[in-house]
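Remarks on the structure that follows.
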Amino acid sequence: MNYPRNAWYVASWSNQLPESQLAGLTILDEPIVLWRTGGKVHALADRCVHRLAPLSLGRCEGSHLRCMYHGFLYDSSGQVVAIPGQDKIPPRARVRSYPAVDIHGWIWVWMGDPEKADESLIPATYSIDDPQWLQGQGTIDYNAEAQLIHDNLLDFSHLSFVHANSFGTPDDFSESLPKVTALPQGMRFERWLVNTPSPFSHPEQLVDFYQQYDFLVPGILVMWFGGFTAGSAQANNFGRPDFSRATSDVGCTSQAVTPMGPRQSRYFFSTGPHRSHGDEALKDAMMATTQQAFEEDRTMITAQQAIIDRTPSPTVIPSAHDRGITMFHNMVARLIKEESGGRAQH
Amino acid sequence: MNYPRNAWYVASWSNQLPESQLAGLTILDEPIVLWRTGGKVHALADRCVHRLAPLSLGRCEGSHLRCMYHGFLYDSSGQVVAIPGQDKIPPRARVRSYPAVDIHGWIWVWMGDPEKADESLIPATYSIDDPQWLQGQGTIDYNAEAQLIHDNLLDFSHLSFVHANSFGTPDDFSESLPKVTALPQGMRFERWLVNTPSPFSHPEQLVDFYQQYDFLVPGILVMWFGGFTAGSAQANNFGRPDFSRATSDVGCTSQAVTPMGPRQSRYFFSTGPHRSHGDEALKDAMMATTQQAFEEDRTMITAQQAIIDRTPSPTVIPSAHDRGITMFHNMVARLIKEESGGRAQH
Amino acid sequence: MNYPRNAWYVASWSNQLPESQLAGLTILDEPIVLWRTGGKVHALADRCVHRLAPLSLGRCEGSHLRCMYHGFLYDSSGQVVAIPGQDKIPPRARVRSYPAVDIHGWIWVWMGDPEKADESLIPATYSIDDPQWLQGQGTIDYNAEAQLIHDNLLDFSHLSFVHANSFGTPDDFSESLPKVTALPQGMRFERWLVNTPSPFSHPEQLVDFYQQYDFLVPGILVMWFGGFTAGSAQANNFGRPDFSRATSDVGCTSQAVTPMGPRQSRYFFSTGPHRSHGDEALKDAMMATTQQAFEEDRTMITAQQAIIDRTPSPTVIPSAHDRGITMFHNMVARLIKEESGGRAQH
Numbered sequence: 001m002n003y004p005r006n007a008w009y010v011a012s013w014s015n016q017l018p019e020s021q022l023a024g025l026t027i028l029d030e031p032i033v034l035w036r037t038g039g040k041v042h043a044l045a046d047r048c049v050h051r052l053a054p055l056s057l058g059r060c061e062g063s064h065l066r067c068m069y070h071g072f073l074y075d076s077s078g079q080v081v082a083i084p085g086q087d088k089i090p091p092r093a094r095v096r097s098y099p100a101v102d103i104h105g106w107i108w109v110w111m112g113d114p115e116k117a118d119e120s121l122i123p124a125t126y127s128i129d130d131p132q133w134l135q136g137q138g139t140i141d142y143n144a145e146a147q148l149i150h151d152n153l154l155d156f157s158h159l160s161f162v163h164a165n166s167f168g169t170p171d172d173f174s175e176s177l178p179k180v181t182a183l184p185q186g187m188r189f190e191r192w193l194v195n196t197p198s199p200f201s202h203p204e205q206l207v208d209f210y211q212q213y214d215f216l217v218p219g220i221l222v223m224w225f226g227g228f229t230a231g232s233a234q235a236n237n238f239g240r241p242d243f244s245r246a247t248s249d250v251g252c253t254s255q256a257v258t259p260m261g262p263r264q265s266r267y268f269f270s271t272g273p274h275r276s277h278g279d280e281a282l283k284d285a286m287m288a289t290t291q292q293a294f295e296e297d298r299t300m301i302t303a304q305q306a307i308i309d310r311t312p313s314p315t316v317i318p319s320a321h322d323r324g325i326t327m328f329h330n331m332v333a334r335l336i337k338e339e340s341g342g343r344a345q346h
Numbered sequence: 001m002n003y004p005r006n007a008w009y010v011a012s013w014s015n016q017l018p019e020s021q022l023a024g025l026t027i028l029d030e031p032i033v034l035w036r037t038g039g040k041v042h043a044l045a046d047r048c049v050h051r052l053a054p055l056s057l058g059r060c061e062g063s064h065l066r067c068m069y070h071g072f073l074y075d076s077s078g079q080v081v082a083i084p085g086q087d088k089i090p091p092r093a094r095v096r097s098y099p100a101v102d103i104h105g106w107i108w109v110w111m112g113d114p115e116k117a118d119e120s121l122i123p124a125t126y127s128i129d130d131p132q133w134l135q136g137q138g139t140i141d142y143n144a145e146a147q148l149i150h151d152n153l154l155d156f157s158h159l160s161f162v163h164a165n166s167f168g169t170p171d172d173f174s175e176s177l178p179k180v181t182a183l184p185q186g187m188r189f190e191r192w193l194v195n196t197p198s199p200f201s202h203p204e205q206l207v208d209f210y211q212q213y214d215f216l217v218p219g220i221l222v223m224w225f226g227g228f229t230a231g232s233a234q235a236n237n238f239g240r241p242d243f244s245r246a247t248s249d250v251g252c253t254s255q256a257v258t259p260m261g262p263r264q265s266r267y268f269f270s271t272g273p274h275r276s277h278g279d280e281a282l283k284d285a286m287m288a289t290t291q292q293a294f295e296e297d298r299t300m301i302t303a304q305q306a307i308i309d310r311t312p313s314p315t316v317i318p319s320a321h322d323r324g325i326t327m328f329h330n331m332v333a334r335l336i337k338e339e340s341g342g343r344a345q346h
Numbered sequence: 001m002n003y004p005r006n007a008w009y010v011a012s013w014s015n016q017l018p019e020s021q022l023a024g025l026t027i028l029d030e031p032i033v034l035w036r037t038g039g040k041v042h043a044l045a046d047r048c049v050h051r052l053a054p055l056s057l058g059r060c061e062g063s064h065l066r067c068m069y070h071g072f073l074y075d076s077s078g079q080v081v082a083i084p085g086q087d088k089i090p091p092r093a094r095v096r097s098y099p100a101v102d103i104h105g106w107i108w109v110w111m112g113d114p115e116k117a118d119e120s121l122i123p124a125t126y127s128i129d130d131p132q133w134l135q136g137q138g139t140i141d142y143n144a145e146a147q148l149i150h151d152n153l154l155d156f157s158h159l160s161f162v163h164a165n166s167f168g169t170p171d172d173f174s175e176s177l178p179k180v181t182a183l184p185q186g187m188r189f190e191r192w193l194v195n196t197p198s199p200f201s202h203p204e205q206l207v208d209f210y211q212q213y214d215f216l217v218p219g220i221l222v223m224w225f226g227g228f229t230a231g232s233a234q235a236n237n238f239g240r241p242d243f244s245r246a247t248s249d250v251g252c253t254s255q256a257v258t259p260m261g262p263r264q265s266r267y268f269f270s271t272g273p274h275r276s277h278g279d280e281a282l283k284d285a286m287m288a289t290t291q292q293a294f295e296e297d298r299t300m301i302t303a304q305q306a307i308i309d310r311t312p313s314p315t316v317i318p319s320a321h322d323r324g325i326t327m328f329h330n331m332v333a334r335l336i337k338e339e340s341g342g343r344a345q346h
């Protein structure tokens, strides 16, 4: 698996990790147990030092975790603090602990060097709790490499083809290239659709539609979009419009694609309208369309994975739209190289 | 997988490939997309040059095929002729094309050197459209090597044991050996059953029953059979009888076993009576018995495959009935050797 | 797979092998066909010498077995005695035969050197037919290594945690260590629980509860237990009590964990009360609790197996309770070493 380790990965929705309940999952093929006590999130390797039973089948005892196979007791740093039937605890009886935080409605886990775990690196995603937005919440599991889903999100030209039936994106959308700008943690994509139906709320009304998204390591998408009166694209010289002047379909979406294991990924997403541009009904309609579209992606990407798996030496021929993919792959390759040049992480 | 490439493989029933619909399948573990425009059949590698999405999830546009991931457009030779968002097409943007034809009710695909794709090598199977015969049509998928099904068809002594309940073949059928003759593309098996119930239409009537089948590379069976008045075997000196003098149960069957991938095979078959010896009801009865028998084969061969898979160095002890299998294996080995001696096919 | 071969493995319940019916199974990843004629049990490699079809899909013909693919006939020693279509039988046409016996309600198969197959090595398990005991009978299949189930049975400290809800074992059970004694074929575990509720029949009554079990190669558990009047542990100096003085819940259990293949095991068990201490209702209650408890084990061990499988170099940190496991592993390692020092078994 070819992903950076010094990065914050989305492990779970915050609202799916209640106080004192254990959750087992894998990130980068490493089993991890998550739990929360007194608001603080803990993440340990999900593997008892004794006989490798999963700690996530254990139970919370205050801020401690009890393995429910033979009763080893762990503190939240991963140190064993009690073993039934013996008084002495070997100091090496400890499991790896991962930095973990609850921010913007997601639990984020840092997979690399704990000393480099800087919370300011967590991107400003739109939280489902953000009072400015009405958002629905979805999770999709994939039997495919996370990287293939990243690639999908780094090239929206697929909207014309994969999502012709859901988002209704016209063919000519794929004929123009977005503006792509490098960011410290990824890249920004910007695009005007001129004289197009306002997709969600006013399909009968022609607008100039603007969309902007950042795609950030290790696989986070943050996007907003909105309809503007005809002529706005030209008036803004095809640059970024003033958000406050949007007239319809102002919405946002946050998405995170986490590599769980080889050919196993979990896709977290939320989307919906700005409160001043929509209501619960519009939110539900946007979520339904998005769910349908993401199932279209899953069908395509899972089939693509199957073809790749039976291709002895898979190679690709990039198109002009692949610029964002190439930039992102290069950034990831650079990060991985930097990590291996420092002290070993694994 | 150990099969010749310079051979016509059955990929599909003709009547299951409607005009302008894409069909994805694999032969020799290679993904292939089939479609038909204006009566002509096209077969391309089912793998977009761009990012390896399956073309079979695409759409027909006239005689062209559009990949529905990012919109690459292919002509029927496999050349990319349009890429959304760019004007220049790299000449190397093309996928492999396979010779493909629609003959005798089947779509045949040539997996080897296209220059050697000679349609006259396609055997004269009984088409389900042949007006002389009434035939039913069946398809069975196997989780087993095609070669194990070939071996099954090359040794009919199994009828006495596997098909005692369906075809009702008596034990002593397996005590006598068929006449086996080498053909350019395979071998011919001939057999008289003396004084035996006419199997399908007149079980109360004792006849001399004749059956003849050819088994041809890469895995095609063509067979006819019929009942003759008692004494006919002797009168014909146990040689081939005059077809027109048959008195009952004159029928035919065509069968093709295609290696889809490792331990994955597709078995196409048709069978039924000659129109002068049967009607729709007899055809249906023959098909029902054949379906039952082929499920018996599948149970046995799938279990055989499982045993082979857990046997470290599987070896066999051939019996006198294995002569056909040995001859066919030798022919296949010779063809594969000849192919590797010529220019590389893969 | 790391198990001794010179050992009797439980292959089946006796009452599940009726006269003249073939049963196919695997032990140590070797396919075996079992059948019984005139009371004698036969065990052969389940793989026809001809084309490796499973003999377990065949039919019994007296004490012979007919392969139902092409009709090869075997005697009970594994020698082919008839081949359809030919008179001569190659002497090498024989399959491996395994010593097999029906003792104590189980069919036992010896997987190693037949000359060393000594029936006196079969442990004195409690047969479900033993008139002194009322026992229920259960079978559970595991997708896990048999060794992990052996380890589970060699360390009862898990009862406090895995079986808190079924057997109701209190936490402090795991704080004391059993007495462990080496036996020629394994080891004996003995334990007093002082002043504890009599678990099955009289939970309202406090007793001193004694349990003793032997765990024997290749994976057999034989156990009895019973409640004694308060003070008995002390009075017996925490040694073995006089069985006849038990006052409640005298019961037994026999268990066998057979490695079928990699990560595939079959767990045979029986349990119930002594006739002088219980009735059918108590037997059923004990079986229900045991079934529930063994499902708890299966959940934990299957999850443990999954963690081990995704751990690159799994290591364990043994606790004081692991003494029995370590002793048993050493005994098994010694047996395997002895076998490989003698003449080859495979």
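Residue numbers (the numbering used here), protein chains in the order written: chain A, 1 to 346; chain B, 1 to 346; chain C, 1 to 346.
A virtual CB, placed ideally from N, CA and C, is assigned to each residue, including glycine.
Predicted, not measured: the structure shown is a model, and the values here were computed from it.
So for residue i, helix, strand or coil by DSSP?
| i | result |
| --- | --- |
| A:LEU183 | strand |
| A:HIS50 | coil |
| B:ILE107 | strand |
| A:ASN15 | helix |
| A:THR26 | strand |
Please determine, among the options, the residue with the shortest C-alpha to C-alpha distance to residue i.
| i | options | result |
| --- | --- | --- |
| C:PHE167 | C:PRO218, C:ALA288 and C:VAL81 | C:ALA288 |
| B:PRO31 | B:GLN147, B:THR271 and B:LEU55 | B:LEU55 |
| B:GLY227 | B:TRP110, B:SER157, B:HIS329 and B:THR247 | B:THR247 |
| B:ARG263 | B:ILE336, B:PHE161, B:ILE308 and B:GLY105 | B:ILE308 |
| C:ALA256 | C:PRO90, C:SER265 and C:VAL332 | C:SER265 |
| B:PHE328 | B:GLY251, B:LEU216, B:GLY272 and B:GLU295 | B:LEU216 |
| A:TRP224 | A:PRO184, A:THR253, A:PHE269 and A:GLY105 | A:THR253 |
| A:THR326 | A:VAL180, A:GLU295, A:ALA23 and A:GLU119 | A:VAL180 |
| C:PRO131 | C:PRO312, C:SER276, C:GLN211 and C:SER244 | C:SER276 |
| B:VAL162 | B:ILE317, B:GLN304 and B:GLU338 | B:GLN304 |
| B:LYS40 | B:GLY278, B:SER77, B:ASP284 and B:SER244 | B:SER77 |
| A:GLU190 | A:THR196, A:PRO199, A:TYR210 and A:GLN205 | A:TYR210 |
Rounded to the nearest angstrom, how far is the Cβ of residue i from that of residue j, given a contact under 8 Å?
| i | j | result |
| --- | --- | --- |
| A:ASP102 | A:SER14 | 5 Å |
| C:ALA53 | B:MET300 | 6 Å |
| A:THR290 | A:THR302 | Between A:THR302 and A:THR290 the Cβ distance is about 18 Å, and since that is not below 8 Å, they are no contact. |
| A:ARG5 | A:GLY85 | Going by Cβ atoms, the distance from A:ARG5 to A:GLY85 rounds to 37 Å, so no, they are not a contact pair. |
Cβ of residue i within 8 Å of Cβ of residue j?
| i | j | result |
| --- | --- | --- |
| B:LEU153 | B:LEU221 | yes |
| C:PHE72 | C:HIS42 | no |
| C:SER63 | C:LEU34 | no |
| C:PRO355 | C:TYR69 | The displayed coordinates of chain C run from 1 to 346. Any statement about residue 355 of chain C would go beyond what the structure contains. |
| C:ASP155 | C:ASP322 | yes |
| A:LEU25 | A:VAL95 | no |
| B:SER201 | B:VAL207 | no |
| B:GLN212 | B:ARG245 | no |
Does residue i pass the burial test, meaning 16 or more other C-beta atoms within 10 Å, or should it be called exposed?
| i | result |
| --- | --- |
| B:ASP172 | exposed |
| A:GLY58 | buried |
| C:SER319 | buried |
| C:GLY38 | exposed |
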